[in-house]
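So the structure is just underneath, and the comments pick up after that.
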Amino acid sequence: MALRACLRGRSGFSGVLSQLSSCSSHGRVHVSPVVIAQRRNNSTSPRLQVDLDQGTGVAVMRLQNPPVNSLSLEFITDICINVEKLEMDKSCRGLIITSNQPKVFSAGLDILEMYGKSPERCGEFWRAVQEMWLKVYSSNMAVIAAINGSSPAGGCLLSMTCDYRIMADNPRYSIGLNETQLGIVAPFWFKDTMVNTVGFRTTEVALQLGLLYNPSDALKIGLVDQLVPEDQVLATATKTMTKWFAIPDHARQITKSMMRKPTIDKMTSNREADIKNFVSFITKDSIQKSLRMYLEMLKKRKA
Amino acid sequence: MALRACLRGRSGFSGVLSQLSSCSSHGRVHVSPVVIAQRRNNSTSPRLQVDLDQGTGVAVMRLQNPPVNSLSLEFITDICINVEKLEMDKSCRGLIITSNQPKVFSAGLDILEMYGKSPERCGEFWRAVQEMWLKVYSSNMAVIAAINGSSPAGGCLLSMTCDYRIMADNPRYSIGLNETQLGIVAPFWFKDTMVNTVGFRTTEVALQLGLLYNPSDALKIGLVDQLVPEDQVLATATKTMTKWFAIPDHARQITKSMMRKPTIDKMTSNREADIKNFVSFITKDSIQKSLRMYLEMLKKRKA
Amino acid sequence: MALRACLRGRSGFSGVLSQLSSCSSHGRVHVSPVVIAQRRNNSTSPRLQVDLDQGTGVAVMRLQNPPVNSLSLEFITDICINVEKLEMDKSCRGLIITSNQPKVFSAGLDILEMYGKSPERCGEFWRAVQEMWLKVYSSNMAVIAAINGSSPAGGCLLSMTCDYRIMADNPRYSIGLNETQLGIVAPFWFKDTMVNTVGFRTTEVALQLGLLYNPSDALKIGLVDQLVPEDQVLATATKTMTKWFAIPDHARQITKSMMRKPTIDKMTSNREADIKNFVSFITKDSIQKSLRMYLEMLKKRKA
Numbered sequence: 468m469a470l471r472a473c474l475r476g477r478s479g480f481s482g483v484l485s486q487l488s489s490c491s492s493h494g495r496v497h498v499s500p501v502v503i504a505q506r507r508n509n510s511t512s513p514r515l516q517v518d519l520d521q522g523t524g525v526a527v528m529r530l531q532n533p534p535v536n537s538l539s540l541e542f543i544t545d546i547c548i549n550v551e552k553l554e555m556d557k558s559c560r561g562l563i564i565t566s567n568q569p570k571v572f573s574a575g576l577d578i579l580e581m582y583g584k585s586p587e588r589c590g591e592f593w594r595a596v597q598e599m600w601l602k603v604y605s606s607n608m609a610v611i612a613a614i615n616g617s618s619p620a621g622g623c624l625l626s627m628t629c630d631y632r633i634m635a636d637n638p639r640y641s642i643g644l645n646e647t648q649l650g651i652v653a654p655f656w657f658k659d660t661m662v663n664t665v666g667f668r669t670t671e672v673a674l675q676l677g678l679l680y681n682p683s684d685a686l687k688i689g690l691v692d693q694l695v696p697e698d699q700v701l702a703t704a705t706k707t708m709t710k711w712f713a714i715p716d717h718a719r720q721i722t723k724s725m726m727r728k729p730t731i732d733k734m735t736s737n738r739e740a741d742i743k744n745f746v747s748f749i750t751k752d753s754i755q756k757s758l759r760m761y762l763e764m765l766k767k768r769k770a
Numbered sequence: 468m469a470l471r472a473c474l475r476g477r478s479g480f481s482g483v484l485s486q487l488s489s490c491s492s493h494g495r496v497h498v499s500p501v502v503i504a505q506r507r508n509n510s511t512s513p514r515l516q517v518d519l520d521q522g523t524g525v526a527v528m529r530l531q532n533p534p535v536n537s538l539s540l541e542f543i544t545d546i547c548i549n550v551e552k553l554e555m556d557k558s559c560r561g562l563i564i565t566s567n568q569p570k571v572f573s574a575g576l577d578i579l580e581m582y583g584k585s586p587e588r589c590g591e592f593w594r595a596v597q598e599m600w601l602k603v604y605s606s607n608m609a610v611i612a613a614i615n616g617s618s619p620a621g622g623c624l625l626s627m628t629c630d631y632r633i634m635a636d637n638p639r640y641s642i643g644l645n646e647t648q649l650g651i652v653a654p655f656w657f658k659d660t661m662v663n664t665v666g667f668r669t670t671e672v673a674l675q676l677g678l679l680y681n682p683s684d685a686l687k688i689g690l691v692d693q694l695v696p697e698d699q700v701l702a703t704a705t706k707t708m709t710k711w712f713a714i715p716d717h718a719r720q721i722t723k724s725m726m727r728k729p730t731i732d733k734m735t736s737n738r739e740a741d742i743k744n745f746v747s748f749i750t751k752d753s754i755q756k757s758l759r760m761y762l763e764m765l766k767k768r769k770a
Numbered sequence: 468m469a470l471r472a473c474l475r476g477r478s479g480f481s482g483v484l485s486q487l488s489s490c491s492s493h494g495r496v497h498v499s500p501v502v503i504a505q506r507r508n509n510s511t512s513p514r515l516q517v518d519l520d521q522g523t524g525v526a527v528m529r530l531q532n533p534p535v536n537s538l539s540l541e542f543i544t545d546i547c548i549n550v551e552k553l554e555m556d557k558s559c560r561g562l563i564i565t566s567n568q569p570k571v572f573s574a575g576l577d578i579l580e581m582y583g584k585s586p587e588r589c590g591e592f593w594r595a596v597q598e599m600w601l602k603v604y605s606s607n608m609a610v611i612a613a614i615n616g617s618s619p620a621g622g623c624l625l626s627m628t629c630d631y632r633i634m635a636d637n638p639r640y641s642i643g644l645n646e647t648q649l650g651i652v653a654p655f656w657f658k659d660t661m662v663n664t665v666g667f668r669t670t671e672v673a674l675q676l677g678l679l680y681n682p683s684d685a686l687k688i689g690l691v692d693q694l695v696p697e698d699q700v701l702a703t704a705t706k707t708m709t710k711w712f713a714i715p716d717h718a719r720q721i722t723k724s725m726m727r728k729p730t731i732d733k734m735t736s737n738r739e740a741d742i743k744n745f746v747s748f749i750t751k752d753s754i755q756k757s758l759r760m761y762l763e764m765l766k767k768r769k770a
């Protein structure tokens, strides 16, 4: 709990985590015994189930923030802490992220974190979103998204930060960065991550129109790498991990860092400006009004 | 006519237009009543027919510079002025560019503007070509190319500056940047625009070989987005516009600017050098000779 | 032999060759009579057969360093010298690179150059690898790879530096940058060249997993441009060259340089750091151990 408490305080948050981020491109992080003592292999918050198989070196992280794995500040912090723990655990070489909720991988950023909140709170939230991206996108582990449900907006971002994406072949599921449909805008590092995944032109259209793709179309544009029947998503992810483990970790990690470092550096060097920009945008009256209308629509849908 | 006269003088040209360009990433430009008074909704030069439907917010700009919509200095200036007017018109949210000439969308830059002209005139022409690209590529409007005929060289560039390209599925039509076939070279911002559209490798081969693609191949490489029967090009463009209008303008515009700004900034900061470079290249004896041979070949073909 | 002797001395090597490289973007290099006197059209080292057809302007360079065209320092130097000679020969407009060894185009960098060698020798070797890339990637000639066998690692790099790749449609052949499989890492300019060829995302996965593609998959991802039956690889390359010759050389060369210059500039300005980095990595005990194990595995396979 010490680590987590530390992470909650803003200075601790950015301090500890970004310190670790900065290590990530130089190979495995060697952790001190003090920190190791705090580690629990099968740690769980109520919102996450994390199981590390010490034999295979594969951890499975199950998102379980009902009803739709909305990425609240608390939930994102849980994810960051647990990814960080696994990162420091030498017995863990790979991470599979999947959902324990039916029909949805993650519905994306929690809109309630952006509606009617103080600028300070909005800034804290945004820093956490950045941190989650940083931790997963720069992870030394091989990270596979086992996308067993819909994955819009922030859910799509989380998927794209992984190394490989396996999606359930269910035409009712969709994935994409659909922010503009809500009147909000994906920031530059969401965009950069999508360009790295599906190229410039597809991103240009997808972001402007806020497109959500069914699995088959997502495969076609390269937004996911593989489709399998819904009940085989996790098993396929586990099996796929052996391909990634066949490569010596140091060679894979240096290569991954070489590919992603420019994108990560661009984000970290614009991090404070990006927070400022988000807070100033999201607290605008017109944007707050858009969000209120969207929330009311969601309420009506439920009723 | 005042605006247009102003645009003809070089200092006015770069002054007024680039001032407007610089606004384009900050949302809709608010125009003064004086300028509005000069606006005519269904303004036409002899070379352009522009119809704005105030109800739908869609303007259709028909290119009609016989016989093949060659982009002369005069014609380009007409295009710039009319795009600028629509940009300033709050009732206009989308622009469709199409051709009123049979079989051709636009044959590209008018070679007569590059052959036997003074360096000053060549420079003025090139500045106008840059301006047209800047105006359309950075437009706050959703811009759709309804490509109802062949679209080589500058015609392809104009198409690529739009947000979406619908082409007539007629195998006799072709599209591409074929400059090298004439012994001239597409400048870096033509190249950047093509890389943004079809990727690096396709651009590398296409530009070196001056490839023209039939509609089916253009669709395959992503140079156009959709093929429809010839008589449905404009109707499909109009219908497609509703998808773009479904997104709040501010979110779409910020996203578009985020995608294109690096490419636009690179061009504007190298604008004068690019003009100098063009003038020095095009006025070379060897290049002038190439162009003369090409013009003579065209004459023979006609005869 | 004077040129070659000169190239062997490190200062001469970087001097003469990089001087020529620096000319390559400004059109054909005009050579002095002294240098021309040293030129032999159908020059051959024991490891290379070079035939220039003065009529067509096409040179064919056959790699013949038995058994598998491993790229040793000597062999790479031969390649550099011969590419340089052809570059200076005004009668030569195009180069086809192919193999005279059965079943293999090139097995890539000679591991014996990296195992048990002094840091100085490793550095000399790496500078030569860089030089080969520079010479071919920035060549003013149209360069076609006639890939008539497997082409892993450095063999794939050599292929990717060409303008066009035609591969034998034999499912037993493979191509790719598989360095991580050996526990080593492709440097940034290998990566940049692959991104330029197949895009970011494909490169990201391919490099991390050290993927080798069969011809059919290589075609699908764009790593090669065309597949033909094995006995038609060279003939197709020769025929394809006529398409490249149909474009005026100056226009094609300026365009090629415009596309590749940023990648080349990035490499040349990081050249010394890249050598230092390679030497420090490859001389590590752990990496030397990996290479020894790999070499022992190869020996056992042969036996």
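Protein chains in written order, with the numbering used here: chain A, 468 to 770; chain B, 468 to 770; chain C, 468 to 770.
We put the beta carbon where it would ideally sit given N, CA and C, even for glycine.
Take residue 608 of chain A, set aside five residues on each side of it, and the residues of its chain with a beta-carbon closer than 7 Å to its own are 553, 554, 559, 560, 561 and 562, in chain order. Sixteen is the threshold: since fewer than 16 other Cβ atoms of the shown chains lie within 10 Å of the Cβ of residue 709 of chain B, the residue is exposed. Contacts with chain A (Cβ-Cβ distance below 7 Å) from the stretch 724 to 755 of chain B involve 725 and 726, listed in chain order.
Contact check for residue 543 of chain A against residue 598 of chain A passes: the beta carbons are separated by less than 9 Å. In the same chain as residue 631 of chain A, and ignoring 5 residues on each side of it, the C-beta atoms closer than 6 Å to its own belong to 611 and 692, in chain order. Going by beta carbons, residue 644 of chain C and residue 623 of chain C fall inside the 9 Å limit.
Taking 7 Å as the Cβ-Cβ cut-off, the stretch 674 to 690 of chain B approaches chain C at 674, 675, 676 and 677, given in chain order. Using a CB distance cut-off of 9 Å, residue 671 of chain C counts as an interface residue toward chain A.
By the rule that beta-carbons nearer than 9 Å mark a contact, residue 652 of chain A touches chain B.
646, 647, 648, 649, 650, 651, 652, 653, 654 and 655: these are the residues of the stretch 627 to 655 of chain B whose beta carbon lies less than 9 Å from some beta carbon of chain C, given in chain order. A Cβ-Cβ contact shorter than 9 Å links residue 727 of chain B with residue 671 of chain A. Under the three-state reduction of DSSP, residue 538 of chain A is assigned to strand. Close to residue 584 of chain A, with beta-carbon spacing below 9 Å, lies no residue of chain C; the smallest spacing is near 35 Å. Within chain B, 647, 652 and 748 have C-beta atoms less than 9 Å from the C-beta of residue 721 of chain C, given in sequence order.
Between residue 694 of chain C and residue 627 of chain C, the gap from beta carbon to beta carbon reaches 9 Å or more. When C-beta distances to chain B are compared with 7 Å, every residue of the stretch 551 to 565 of chain C stays at or above that value. Against chain C, a Cβ distance below 7 Å from residue 663 of chain A picks out 667 and 668. Contacts between residue 714 of chain B and chain A, judged by CB atoms closer than 8 Å, involve 647, 648, 675, 676 and 677 in chain order. Residue contact check for residue 718 of chain A against chain C: a CB pair falls below 9 Å. Interface flag for residue 600 of chain A against chain C is unset, since no Cβ pair is found closer than 9 Å.
A distance below 9 Å separates the beta carbons of residue 701 of chain A and residue 565 of chain A. Residues 563, 611, 613 and 633 of the same chain have their beta carbon placed closer than 6 Å to that of residue 704 of chain B, with the five preceding and five following residues left out of the count. Against residue 710 of chain A, the close residues of chain C are 676, in the order they occur along the chain (beta-carbon pairs closer than 7 Å).
Rounded to whole angstroms, residue 769 of chain B and residue 571 of chain B show a C-alpha spacing of 16 Å.
The three-state secondary structure of residue 566 of chain B, taken from DSSP, is strand. Within a 10 Å sphere around the beta-carbon of residue 573 of chain B sit 16 or more other beta-carbons, which makes this residue buried. One alpha carbon belongs to residue 650 of chain B, the other to residue 747 of chain B, and they sit about 15 Å apart. For the options A/722, A/762 and A/745, the alpha carbon positioned closest to that of residue 589 of chain A is the one of A/745. Against chain A, the CB of residue 605 of chain C has no partner CB under 9 Å away; the residue lies outside that interface. In this structure, residue 529 of chain B sits away from residue 538 of chain B, with a CB-CB distance that is not shorter than 9 Å. Among the residues facing chain C, residue 520 of chain A is not included, as its CB has no counterpart in that chain under 9 Å away. The alpha carbon of residue 754 of chain A has as its nearest neighbour, out of A/741, A/733, A/648 and A/591, the alpha carbon of A/648.
When DSSP reads this structure, residue 724 of chain C sits in no beta bridge, so it has no partner.
Looking from the CA of residue 733 of chain A, the closest CA among A/605, A/685 and A/712 belongs to A/605. Per DSSP, residue 631 of chain C is not a residue of any alpha helix (DSSP H); the beta strand (DSSP E) it occupies stretches across 631 to 635.
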